[in-house]
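Protein chains in written order, with the working numbering: chain X, 1 to 248; chain F, 1 to 248; chain Z, 1 to 248; chain E, 1 to 248; chain R, 1 to 248; chain H, 1 to 248; chain C, 1 to 248; chain V, 1 to 248.
Everything below concerns the one structure shown next.
Protein chains: 8
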Amino acid sequence: MNEQELRRLLESLQQGEIPVEGALERLRHLPFEDLGFARVDHHRALRHGFPEVIFGRGKTVAEVTAIAERIIDRTANLLITHATLEMFEALSARFDALTHHARARCVTRCTDATDRGRGTILIITAGTADLPVAEEALVTAQIMGNRVELVADVGVAGIHRLLSVREQIAAASVVVAVAGMEGALPSAVGGLASCPVIAVPTSVGYGASFGGVAALLGMLNSCASNVAVVNIDNGFGAGYVAALANRR
Amino acid sequence: MNEQELRRLLESLQQGEIPVEGALERLRHLPFEDLGFARVDHHRALRHGFPEVIFGRGKTVAEVTAIAERIIDRTANLLITHATLEMFEALSARFDALTHHARARCVTRCTDATDRGRGTILIITAGTADLPVAEEALVTAQIMGNRVELVADVGVAGIHRLLSVREQIAAASVVVAVAGMEGALPSAVGGLASCPVIAVPTSVGYGASFGGVAALLGMLNSCASNVAVVNIDNGFGAGYVAALANRR
Amino acid sequence: MNEQELRRLLESLQQGEIPVEGALERLRHLPFEDLGFARVDHHRALRHGFPEVIFGRGKTVAEVTAIAERIIDRTANLLITHATLEMFEALSARFDALTHHARARCVTRCTDATDRGRGTILIITAGTADLPVAEEALVTAQIMGNRVELVADVGVAGIHRLLSVREQIAAASVVVAVAGMEGALPSAVGGLASCPVIAVPTSVGYGASFGGVAALLGMLNSCASNVAVVNIDNGFGAGYVAALANRR
Amino acid sequence: MNEQELRRLLESLQQGEIPVEGALERLRHLPFEDLGFARVDHHRALRHGFPEVIFGRGKTVAEVTAIAERIIDRTANLLITHATLEMFEALSARFDALTHHARARCVTRCTDATDRGRGTILIITAGTADLPVAEEALVTAQIMGNRVELVADVGVAGIHRLLSVREQIAAASVVVAVAGMEGALPSAVGGLASCPVIAVPTSVGYGASFGGVAALLGMLNSCASNVAVVNIDNGFGAGYVAALANRR
Amino acid sequence: MNEQELRRLLESLQQGEIPVEGALERLRHLPFEDLGFARVDHHRALRHGFPEVIFGRGKTVAEVTAIAERIIDRTANLLITHATLEMFEALSARFDALTHHARARCVTRCTDATDRGRGTILIITAGTADLPVAEEALVTAQIMGNRVELVADVGVAGIHRLLSVREQIAAASVVVAVAGMEGALPSAVGGLASCPVIAVPTSVGYGASFGGVAALLGMLNSCASNVAVVNIDNGFGAGYVAALANRR
Amino acid sequence: MNEQELRRLLESLQQGEIPVEGALERLRHLPFEDLGFARVDHHRALRHGFPEVIFGRGKTVAEVTAIAERIIDRTANLLITHATLEMFEALSARFDALTHHARARCVTRCTDATDRGRGTILIITAGTADLPVAEEALVTAQIMGNRVELVADVGVAGIHRLLSVREQIAAASVVVAVAGMEGALPSAVGGLASCPVIAVPTSVGYGASFGGVAALLGMLNSCASNVAVVNIDNGFGAGYVAALANRR
Amino acid sequence: MNEQELRRLLESLQQGEIPVEGALERLRHLPFEDLGFARVDHHRALRHGFPEVIFGRGKTVAEVTAIAERIIDRTANLLITHATLEMFEALSARFDALTHHARARCVTRCTDATDRGRGTILIITAGTADLPVAEEALVTAQIMGNRVELVADVGVAGIHRLLSVREQIAAASVVVAVAGMEGALPSAVGGLASCPVIAVPTSVGYGASFGGVAALLGMLNSCASNVAVVNIDNGFGAGYVAALANRR
Amino acid sequence: MNEQELRRLLESLQQGEIPVEGALERLRHLPFEDLGFARVDHHRALRHGFPEVIFGRGKTVAEVTAIAERIIDRTANLLITHATLEMFEALSARFDALTHHARARCVTRCTDATDRGRGTILIITAGTADLPVAEEALVTAQIMGNRVELVADVGVAGIHRLLSVREQIAAASVVVAVAGMEGALPSAVGGLASCPVIAVPTSVGYGASFGGVAALLGMLNSCASNVAVVNIDNGFGAGYVAALANRR
């Protein structure tokens, strides 16, 4: 039952077309949920500043195309994460204005570039190998309407490199810190930042890095108080949380 | 070397009192750090809206008292986490205006209650046993100058209880979701919220909860995009991050 | 909003006391949840055959007493798990007909002994040390209105002991198999049973049993197809699931 | 020794052809097991409502064909799990009435569609990526003679979607809840259901999902009392247990 | 049904007192198990050279006394593992000839000291802290009728100490190697021994020894081919296996 | 220094060609090890009944051929484990009497089939998928001079199948029990056997079997006292230990 | 700002070309970091005896070539770890004097072979399969200016082989001990050495070696006091630490 | 056989009192080990600069006293780690010149303070709670004859504090870096140091620090090349390795 149907039900009651008991019966088990489900989507668009994201992995090119079509009909911007080149090419044959972000494995379509952020989101990586995850965060935050800066390869084993971007860190509205191996970057960044630091462990490393577990544990145990963590390699999630934290 | 000292050094050079090589030598290994260390503290007070927090665990009553004395001299508000009743009593003998938050195991002294937040921080728990951690987050966020609401015992096994606070969730500026056992609450809350959700796993549970690991993993793998996670039982960290995300 | 309030709202609309828009506004954000929350409780009583269970651990004697009082007012049967002797004594001073199940750490009050089951629930343990968990399952299933049999100490290292209860196993409606150490019992029982086997790993063991993890993994990997597993030491959950599976 | 042989032995004794001691000797070490082994199979067919299932993984096409041939001779229905397309094609060349369930990776032959269930089994998934596991459960439960409904993509991050199937959940005889990532679905479903919920963790996810471990732990620690769990990706086991719990 | 009952049944059949069908019916579900259960016990005594062992942990003094009484009635030797001093004192008040092995936490009663072994069992430890576990193995193997030698504190960090007992190792019939920390002893001993080496990891260590896991993994991955492993701290199991391997 | 050199040194001393101090100096740091290294090899041949085993994995065909050549020169029997078909073919071009055991991934050359065992080694598997590991144990034990029997597919979920080989188990000198998934077989076999049971966990399984960890833990925690365990999939080690335990 | 620029700034101030405030302004936010970053590199060259190492994994041939070009311009020696043959061939087309270490997966260019060590670094392996990791350590230590010896295949299961190199161990300045499986070698070597032992666990092994975890834990729990550990398979790190410990 | 006995044997041979064969026989199985065992001790004293260390944990006061007596007789310096106050008091009653290091839980007796180091060992901690472990390292390195400096509470979340001791780090001969929680300190220190960094993870932390595992993994995965790691809380081992690396 959507809002039109609900309105019609209430009007029928008002006009004596149905009795109170009949309306009560329908409302008692009111499938607000179907309505709600649809509303949730609209609410999500209003609230989060971004309607729907397609997670490309595990979907066929045809499935992604079909979903993308429905979104493009309805909303200004589109983000597909874990997208393949093949998906990009298939979509490009049907839609214009698409961009392929190869390292971030994302496809975007941005027709509304309104700035929705309060400040700048700074994305910072410990090594160059962390860049695919960092760029997924960057693409996500940008298409949600944020100014984003990216600083790479400032791991804690070369503290002076990190200090050289001290002022960018201090000026940021939100920082996303991306690191594999020992995952120490967010702790050092946390001490220099005056804002929330969203930490993203990556699976960069070998041996006892256990596919990112060492970095994850390091970040969860950070001695800096302003650090919160997302899943291993989850650049999208970090960009999303950062965008919400930066919303006006 | 602080700014006065630096200025004096430069003036000495200008006036020919020291040669270029001498100035170069001092500046090459410029102990900006000592200055910096002091500045960091001031910066932290300016930036984070809260000067210093005493982590009570592992400290003696005497140590906590000594540190508290220095903070009270300098700043308006004080927070001691993991505080014992004995610490509270010892401090009360010397300072006025102290509050003991028994369940949160915190002691506070709040003489500046300026509201520094943009909106309301909502703290929400899955069960009543999660309350000590949730209240640590509440005390932390409050003393950092935020309006905070606390809703308890709305775990996902009783979805209607959660839906009954749907509007509080929708209205919040930041949500802190606290849960042990399977840690599913942040996922459900994330779908209802339009803001960042800081998830706190607790060690509530037994058997295969492994002291909070099950909840931690659940939260890291949340299918909601707006969830970031702090360490198990780290109510303080969640409150701190929430306060920074809520800052004007 | 409960049903009375909903009815009154509809009558107001029918009688023209409020306009459609006003009713729509109230119903759009219909706090069905508060009503729902209450209803869920009643539904739970109707559906699960048992209204509310008090989990004693982490609650004070006063809290348990207060909750018990409300339940006893409303329903015939009461179950408190993880109950202490002190809780039992405090409750006995106020209520009659209470039973203390020491080994199961349960307190019950059973004034309605209606048989709600289709058949017999058989609870079977690998060792005597598994009995506290097994008896928690037994007490739970009994107070939910089931005939329950308990067979102890028939671990797989003495297969003939297990075979001696083969016919009880074959006749059961649901089997609860409780084992620590290697947790092999459910696999052997599964091959002999024609019904679901609810497996309960226990923390009985030492060394590489890791507090029940070895038994848990053994049960999850059972080569018998009819085995499902609950948490380590979760006798209550096993009894509860068994009771629902045995419901008429 | 099978039943014919046992009968012959007893007749020989009755007719004085062998002495008591000779019969005693043979019976003392009576290989009832061989007989028993055969009987167990028949018993399994009678009891479980399904004779034998072929686990295709790790078997050659020839082996699967040989086993299938023997089963088809003897029984009405056949189920092969973890079956390849190649297996299906080889079997189709020899037997009629075979169905290939591609997503579930199953092959079935159903010549007896008798309804053996008391009610409806509802299979419900958190995401679309959980469908292969869910459909394996569906195929299993169906060929064992059950009415089965499948509802997909109602994860807890969109609670209204879940609530929209609330009545299906309430009406089910058994629910199978399938989820990867944080595995929160069974907890939410458990609160809405009046029957046992068989939870199936899937390996859907990445990073700290650890191949389904996060979902598994979430399900084992469910705050809903009516949840029992099977192995990661074990759709077959869940369907099997659900079928037994639903048997008349 | 025990052997007498079986004989009587066969005689009844022989004498025409019961028909073949009646005998068949009774034998088809022959409760060999009850008989078998008893026989298994006797068999165990005959086969393993030792009738029954009481695992003291988790049993009351009264329970241990009751079980001990039944064993002493029937068999020559008694072993109680994980026994307390209190158990020893209670038993000493009723039975003579008891010995308390304090470090091994065992109580024994040995009235039959027949040598049942083919050779000597050598028990060897890496450190002195491993002695409680080693002595449990020693007491177990001795009361099962073996000559046992014990060599302590010959860990691999002092190879010459190990080499000093090279000839004892070479002469042994079975070696039990007990070690905590890195658990390297069995590998080194394995290279010097011409017999099976039963490795016992102990929980001796700290930090990343994880309560014996490091030693356990070390032993399971031994590069010596003649090493098999028992559970952490399971001196009894090692002594038992060694005794069986040494049986004539 | 080998034995010839040692003898010459002693003769020089006896004949006064070198002083005591010179001999003492040489002997103090006596490189007995080189001699010892060679002797160890000979000892190993004498003691273990088998000279050298080639672990094929990670070696080139040329390396395996070179090592095999040296062994064939010197000893009667050869065993190569983890051997490829390519290795077998290369070796067959140079040596006669080679056998390729495809499922066990072994190559053997047996020119001395002397029976060195006291009794029969029984190898028993839970499932057919465990056969590669079981056959590696079989090949190993056979070429070391033992009578070996193999019984497959008698897992505990079909207890009657296991009981049907009860007498073979009771008659064995050593049992090797091979199982994946929950690894329960050794516990059940342990209760039926009067000899040591060498348990081999296999990586057969999926999900929470974690590549054999579930089976490994099950076996380490066996409630049967006569079970010792080797590494996951280590059929060679199990056959080797069994052969030593069975040596005359 | 580098040293030249800093000197020029100070000279400008001294000569009155700029005022104190102007210098102060530039120095207050002195990008010492950029300078520092450059200096760190120079310092690293001076301190560590080796300027820069290229980690080849995850880099393209073009990237490696570009970085190598810059290093070769500036410094005498070059080390590329995790290098492919393709990288070597591309580099060889542009630079002379390159060496490809196939087993170590390294490329080196050594034009300065100054001996910078105090003594000899001994690298010692438990098995031949550990050689790739050991040779990476060897190549690293050599190009940093050290005499290095390599001894292979002296695992603890053949103690006499290890003792045969006792004098090399005793004479070494630093020992690098490389082992997979149970990782026991460093403990045995530690007892024979009078210097630090850098232990390198390798991923050699299977089953419960868990990709090197068993060896890692064994080394961390070594009962020898002079053992420190690097990451699994980290031959480079071990060679690097050994070179620093051996520096004059 | 000790050196006297060996000398006597050789003299007997020289003087014709025994034949070559007799000497050969005795030497072939020469129990060099007993001699060696004794020699190892002397060698250890000569090589490691410290004779014997008593690990106090798990030893009685009487045992520690007895061992201490033998060491004090023979050598100048004594170190007891994991010592209790009770041990110190009992020892003080018998020996003079003892020092109790309460926080380090050590007792020392230092009568030879010769400086054996090449430079200064710097011990540096992330937090004050790491001090007990750091001081154990300090006491160990000092009594082995080293100059040692200790800097506390310079964790990476306050980088400027760390930079303030940059010159001490650069000047050190060996650095011991001690940290709990995320264990990031060694990476940052490693980038500033020109010497080996011995990293010590501590069990300081809570939740997902898992008793030091997070810090341990962080250190093993350090992106600094000059870091090697010891066991959790193993201050003694770190001090010992540092002392050996600093030896002249």
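Ideal Cβ positions, reconstructed from N, Cα and C, are used throughout, including at glycine.
The model shown is predicted, which means the values in this text are computed figures rather than measured ones.
> CA-CA distance, F/Gly-207 and E/Arg-248?
Replying inline: Translated into the one-based positions of the second sequence, residue 207 of chain F becomes position 207. Translated into the one-based positions of the fourth sequence, residue 248 of chain E becomes position 248. Rounded to the nearest angstrom, the two C-alpha atoms are 34 Å apart.
> Who are the Cβ neighbours of R/Arg-147 in its own chain at under 8 Å, not counting the five residues just before and after it?
Replying inline: By one-based count along the fifth sequence, residue 147 of chain R stands at place 147. Correct list, in chain order: Asp-115, Gly-117, Gly-119, Thr-120 and Ile-121.
> If you draw a straight line from the alpha carbon of H/Gly-205 to that of C/Met-219, how long is it in whole angstroms?
Replying inline: Against the sixth sequence, residue 205 of chain H aligns to sequence position 205. Against the seventh sequence, residue 219 of chain C aligns to sequence position 219. Using only the alpha carbons, I get a separation of about 31 Å.
> Is DSSP giving R/Ala-93 helix, strand or coil here?
Replying inline: Stepping through the fifth sequence from its first residue, residue 93 of chain R is reached at position 93. Residue state, collapsed to three classes: coil.
> For Z/Glu-52, which of helix, strand or coil comes out of DSSP?
Replying inline: Translated into positions along the third sequence, residue 52 of chain Z becomes position 52. Z/Glu-52: coil per DSSP, three-state reduction.
> Which residues in the same chain as H/Arg-47 place their Cβ atom closer than 8 Å to its Cβ, once the five residues preceding and following it in sequence are excluded?
Replying inline: Indexing the sixth sequence from 1 puts residue 47 of chain H at position 47. Model confidence at H/Arg-47 stands at a pLDDT of 43, short of 50, so the residue's coordinates are unreliable; what they give is reported in the following sentence. Excluding sequence neighbours, H/Arg-47 sits near nothing in its chain.
> Where does C/Glu-182 sit, in a helix, a strand or coil, going by DSSP?
Replying inline: Locating residue 182 of chain C in the seventh sequence gives position 182, where the first residue counts as 1. Three-state DSSP puts C/Glu-182 in coil, outside helix and strand.
> For the beta strand (DSSP E) that contains C/Val-229, what are its first and last residues?
Replying inline: By 1-based counting over the seventh sequence, the position of residue 229 of chain C is 229. Run containing C/Val-229: 227–229, per the beta strand (DSSP E) assignment.
>> Counting only beta-carbon separations shorter than 9 Å, does E/Ala-198 have a partner in chain H?
In response: Taking the fourth sequence and counting its residues from 1, one reaches residue 198 of chain E at position 198. For the sequence presented, residue 198 of chain E should be read as Ile rather than Ala. For E/Ile-198, the answer is no, since every Cβ of chain H falls outside 9 Å of its Cβ.
>> Let me check one thing: in DSSP terms, what residues is H/Gly-117 bridge-paired to?
In response: Taking the first residue of the sixth sequence as 1, we reach residue 117 of chain H at position 117. For H/Gly-117, which the question treats as bridged, DSSP gives the partners H/Arg-247.
>> Please list, in chain order, the chain C residues whose beta carbon lies closer than 8 Å to that of X/Ala-208.
In response: Here residue 208 of chain X refers to the residue found at position 208 when the first sequence is read from its first residue. Result: Gly-212, Val-213, Leu-216, Asn-231 and Ile-232.
> Relative to the C-alpha of E/Ala-171, which residue among E/Ala-68, E/Glu-149, E/Phe-88 and E/Ala-188 is closest?
Replying inline: For the purposes of this step, residue 171 of chain E is taken as the residue at position 171 of the fourth sequence. E/Ala-171 has its Cα closest to that of E/Glu-149, out of E/Ala-68, E/Glu-149, E/Phe-88 and E/Ala-188.
> Among the residues of its own chain, which have a CB less than 6 Å from the CB of E/Arg-39, if the five just before and after it don't count?
Replying inline: Numbered from 1 along the fourth sequence, position 39 holds the residue referred to as residue 39 of chain E. Reliability fails at E/Arg-39, whose pLDDT of 25 lies under 50, so the model's placement of it is uncertain and the value that follows must be treated cautiously. Closer than 6 Å at the Cβ level, and outside the excluded window around E/Arg-39, lies no residue.
> Shorter than 9 Å from the beta carbon of R/Asn-226 to some beta carbon of chain H?
Replying inline: On the fifth sequence, residue 226 of chain R is found 226 positions in, with the first residue counted as 1. Cβ-Cβ to chain H under 9 Å: yes for R/Asn-226.
>> Closest to X/Ala-224 by C-alpha separation, out of X/Pro-186, X/Leu-217, X/Tyr-240 and X/Thr-202, would be which residue?
In response: The sequence position of residue 224 of chain X within the first sequence is 224, counting from 1. Selected option, being the one with the closest Cα: X/Pro-186.
> At a CB-CB cut-off below 8 Å, which residues of chain E make contact with F/Ile-159?
Replying inline: The residue labelled residue 159 of chain F in the question sits at position 159 within the second sequence. Neighbours of F/Ile-159 on chain E, chain order: Ile-159, Leu-162, Leu-163, Ala-188, Gly-191 and Leu-192.
> The alpha helix (DSSP H) spanning Z/Val-213 covers which residue range?
Replying inline: Translated into the one-based positions of the third sequence, residue 213 of chain Z becomes position 213. Segment 213–220, the alpha helix (DSSP H) holding Z/Val-213.
>> For a cutoff of 9 Å on Cβ pairs, would you count Z/Glu-11 as touching chain X?
In response: Counting from 1 along the third sequence, the entry for residue 11 of chain Z is found at position 11. Yes, its Cβ sits closer than 9 Å to a Cβ of chain X.
> Counting only beta-carbon atoms, is C/Leu-185 nearer than 9 Å to chain V?
Replying inline: As a position in the seventh sequence, residue 185 of chain C is number 185, starting the count at 1. Chain V contact via Cβ: absent.
> For E/Val-156 and chain F, any beta-carbon pair shorter than 9 Å?
Replying inline: Start at 1 with the first residue of the fourth sequence, and residue 156 of chain E comes out as number 156. For E/Val-156, the answer is yes, since a Cβ of chain F falls inside 9 Å of its Cβ.
> Could you give the C-beta distance for V/Ala-179 and V/Ala-126, rounded to a whole number, given that I count them as a contact under 8 Å?
Replying inline: Here residue 179 of chain V refers to the residue found at position 179 when the eighth sequence is read from its first residue. Here residue 126 of chain V refers to the residue found at position 126 when the eighth sequence is read from its first residue. Contact flag correct, Cβ pair sits at about 4 Å.
> Does the Cβ-Cβ distance between F/Ile-198 and F/Val-213 come in under 9 Å?
Replying inline: In the second sequence, counting from the first residue as 1, residue 198 of chain F sits at position 198. In the second sequence, counting from the first residue as 1, residue 213 of chain F sits at position 213. In this structure, F/Val-213 does not lie closer than 9 Å to F/Ile-198 by Cβ.
>> Checking 9 Å against the spacing of the C-beta atoms, do E/Glu-11 and R/Val-20 come in under that value?
In response: Your numbering for residue 11 of chain E matches position 11 in the fourth sequence. Your numbering for residue 20 of chain R matches position 20 in the fifth sequence. The answer is yes: Cβ separation under 9 Å.
> Three-state secondary structure (DSSP) at V/Glu-201?
Replying inline: Counting from one through the eighth sequence, the residue named residue 201 of chain V turns up at place 201. Reading the sequence as shown, one finds Pro at residue 201 of chain V and not Glu. Reduced to three states, the DSSP call for V/Pro-201 is strand.
>> Can you list, in chain order, the residues of its chain with a C-beta nearer than 8 Å to that of F/Ser-194? Leave out the 5 residues immediately preceding and following it.
In response: Counting from 1 along the second sequence, the entry for residue 194 of chain F is found at position 194. Contacts found: Ala-170.
>> If you reduce the DSSP assignment to three classes, tell me which class X/Ile-232 lands in.
In response: By 1-based counting over the first sequence, the position of residue 232 of chain X is 232. Coil.
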